[in-house]
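Okay, structure first, notes after.
Number of protein chains: 2
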Amino acid sequence: MALRHAVLAALLDEELSGYQLAKAFDLGVANFWHAQPQQLYAELTRLEKDGLIAGREVVQDTRPNKRLFTVTEAGLAELEHFTTTAAKPTFVRDDLLVKVQATDHIDTATLIGQLTERAAFAKAKIELFTKLLEGMRAGRTEEDFLRHGERIGPYLTCLRGLAFEQGNHDWCQRTIAVLRKRQGTRPRR
Amino acid sequence: MALRHAVLAALLDEELSGYQLAKAFDLGVANFWHAQPQQLYAELTRLEKDGLIAGREVVQDTRPNKRLFTVTEAGLAELEHFTTTAAKPTFVRDDLLVKVQATDHIDTATLIGQLTERAAFAKAKIELFTKLLEGMRAGRTEEDFLRHGERIGPYLTCLRGLAFEQGNHDWCQRTIAVLRKRQGTRPRR
DNA sequence: CGTGTCATGTAATTTGTTACATGATTGA
DNA sequence: TCAATCATGTAACAAATTACATGACACG
Numbered sequence: 001m002a003l004r005h006a007v008l009a010a011l012l013d014e015e016l017s018g019y020q021l022a023k024a025f026d027l028g029v030a031n032f033w034h035a036q037p038q039q040l041y042a043e044l045t046r047l048e049k050d051g052l053i054a055g056r057e058v059v060q061d062t063r064p065n066k067r068l069f070t071v072t073e074a075g076l077a078e079l080e081h082f083t084t085t086a087a088k089p090t091f092v093r094d095d096l097l098v099k100v101q102a103t104d105h106i107d108t109a110t111l112i113g114q115l116t117e118r119a120a121f122a123k124a125k126i127e128l129f130t131k132l133l134e135g136m137r138a139g140r141t142e143e144d145f146l147r148h149g150e151r152i153g154p155y156l157t158c159l160r161g162l163a164f165e166q167g168n169h170d171w172c173q174r175t176i177a178v179l180r181k182r183q184g185t186r187p188r189r
Numbered sequence: 001m002a003l004r005h006a007v008l009a010a011l012l013d014e015e016l017s018g019y020q021l022a023k024a025f026d027l028g029v030a031n032f033w034h035a036q037p038q039q040l041y042a043e044l045t046r047l048e049k050d051g052l053i054a055g056r057e058v059v060q061d062t063r064p065n066k067r068l069f070t071v072t073e074a075g076l077a078e079l080e081h082f083t084t085t086a087a088k089p090t091f092v093r094d095d096l097l098v099k100v101q102a103t104d105h106i107d108t109a110t111l112i113g114q115l116t117e118r119a120a121f122a123k124a125k126i127e128l129f130t131k132l133l134e135g136m137r138a139g140r141t142e143e144d145f146l147r148h149g150e151r152i153g154p155y156l157t158c159l160r161g162l163a164f165e166q167g168n169h170d171w172c173q174r175t176i177a178v179l180r181k182r183q184g185t186r187p188r189r
């Protein structure tokens with residue numbers, strides 16, 4: 001039941017609709033958690049039923065109506081309680097890594113293609129995160145912002161996201177280079 | 001159905017028992033995938049039924065008997081096919097990041113405690129991976145090993161694991177420092 | 001004499017993914 | 001006019017976690 005807490009944490013900053021939350025959790029702008037829209041709509045229903053968030057209907061004439069959610073007192077208490085429980089380590093589950101593990105036994109060209117794709121994906125994220133961080137700093141230096149800023153949670157998690165994608169990018173590039181060099185010297189299979 | 005391929009990739013190097021696989025996948029020595037023992041035993045049964053791996057019984061007198069598994073021709077073909085399908089991007093799901101996202105609203109001391117724990121965990125993994133890499137290189141330089149080594153898949157995925165844990169460690173330390181500095185200047189809540 | 005390792009599972013439950021469904025509006 | 005965006009769901013299925021179960025040997 002960690003999705004609940006991720007949703008609560010996301011709603012701390014602003015009132016959001018299921019749709020807005022879904023975008024953030026799906027495209028990975030929410031660096032702390034990933035989830036599909038369907039999961040979020042379901043979780044929002046449960047959270048509201050349990051009184052941890054409160055929704056209010058916003059009637060729109062040009063767009064379909066939507067419901068904006070806010071964390072309640074009980075929701076905040078729940079989050080606080082969650083924080084006191086031990087955090088379990090994160091574990092990797094990555095298709096691409098499985099494929100790289102299997103290199104020497106599989107086609108190198110295909111692998112290089114996928115590594116290139118992943119590197120491009122990482123680069124796009126790096127640029128996005130860099131801009132997001134810049135926006136949050138709003139002119140201040142990082143040092144200043146982190147010391148005196150009102151709300152630094154999202155900034156800190158975004159920093160982790162940035163470093164993660166930089167790690168991805170670097171590793172992909174390095175791996176591509178290694179595989180290319182071998183292609184010449186050692187014929188595969 | 002990606003666990004299948006992770007298991008196949010792990011069995012490429014050596015014949016392993018369910019128990020040995022479980023240890024690798026559970027404690028995260030298998031940097032490409034994580035899974036619990038129960039999942040692995042179930043998957044091994046399915047893989048054998050589908051003819052992608054072959055098991056052989058090893059009778060032991062001092063220890064319970066065990067089954068060692070090898071990848072079959074069909075298994076290798078399956079892996080090869082898997083490699084040609086597009087790899088989906090990995091997504092983060094991390095309790096600790098959820099908690100950091102919620103900082104400014106929750107108790108800082110507890111958070112610092114958990115970040116410290118995570119940093120120590122990361123450091124232990126860094127040391128483990130560093131040694132594993134050293135072992136695989138077996139005296140050669142990294143450049144030399146990666147160019148001429150027989151089997152570099154596990155080395156490459158281990159490199160990613162190492163970088164990941166270094167990222168974790170650095171970020172935890174930085175976050176701890178930031179939170180500590182604020183504790184003095186801005187009283188919480 | 002208790003704790004940890006070796007060794008393998010079954011069953012119940014919780015999460016997460018994929019497929020399907022609807023319908024208006026905005027921009028290319 | 002075609003695709004994308006806004007907006008919310010339901011239902012079926014696959015994957016992962018948690019709990020439960022067994023039993024011998026090794027180490028301190």
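Chains as they are written, first to last, in full-length UniProt numbering: chain A, 1 to 189; chain B, 1 to 189.
Beta carbons: idealized from backbone N, C-alpha and C, even for Gly.
As the structure is a computational prediction, the values presented were derived from the model and not from experiment.
Does the Cβ of residue i have 16 or more other Cβ atoms within 10 Å, making it buried, or fewer, making it exposed?
i	result
G153/A	buried
K49/A	exposed
E165/B	buried
T157/A	buried
R188/A	A caution first: R188/A carries a pLDDT of 47, below 50, which makes its placement in the model too unreliable to give a value.
Any chance the CB of residue i is under 7 Å from a heavy atom of the ligand SAM?
i	result
R140/B	This structure lacks the ligand SAM, and indeed carries no ligand of any kind.
Could you check whether the Cβ of residue i sits closer than 8 Å to any Cβ belonging to chain A?
i	result
G28/B	yes
R189/B	Confidence at R189/B is low in this model, with a pLDDT of 46, below 50, so the placement of that residue should be treated as unreliable; the coordinate-derived value is given next. Not an interface residue.
K123/B	no
Q39/B	no
A6/B	yes
T141/B	no
Using a cut-off of 9 Å between C-beta atoms, extract the partners of residue i located in chain A.
i	result
D107/B	E80, T83, T84
L12/B	Q101, A102, D104, H105
L159/B	W171, R174, T175
Residue i to residue j, Cα distance in whole Å?
i	j	result
T110/B	T103/B	10 Å
R4/B	L52/A	39 Å
H81/A	R182/A	53 Å
A42/A	E73/B	43 Å
G161/B	E134/A	29 Å
E15/B	T70/B	5 Å
T84/A	E117/B	13 Å
N31/B	L96/A	11 Å
R180/B	A119/B	15 Å
R93/B	N65/B	38 Å
R174/B	A122/B	14 Å
K131/A	G139/A	12 Å
Would you please verify whether the beta carbon of residue i is less than 8 Å from any beta carbon of chain B?
i	result
F91/A	yes
D95/A	yes
R56/A	no
A74/A	no
N31/A	yes
L44/A	no
List, in order along the chain, the chain B residues whose C-beta lies closer than 8 Å to that of residue i?
i	result
I152/A	T103, D104, V178, R182
Which chain B residues are close to residue i, counting only those with a beta carbon under 7 Å from its beta carbon?
i	result
K99/A	T83, A87
Can you tell which of the options has its C-alpha closest to the C-alpha of residue i?
i	options	result
A137/B	K125/B, I126/B, R151/B	According to the sequence shown, residue 137/B is Arg rather than Ala. Nearest C-alpha to R137/B: R151/B.
A124/B	A6/B, A2/B, G28/B	G28/B
D13/A	H34/B, H169/B, L68/B, H105/B	H105/B
So which residues on chain A does residue i lean against when the C-beta distance must stay under 7 Å?
i	result
T175/B	L156
Which bits of chain A does residue i rub up against, with CB to CB less than 8 Å?
i	result
F164/B	V92, F164, G167
L111/B	T83
R118/B	A87, P89
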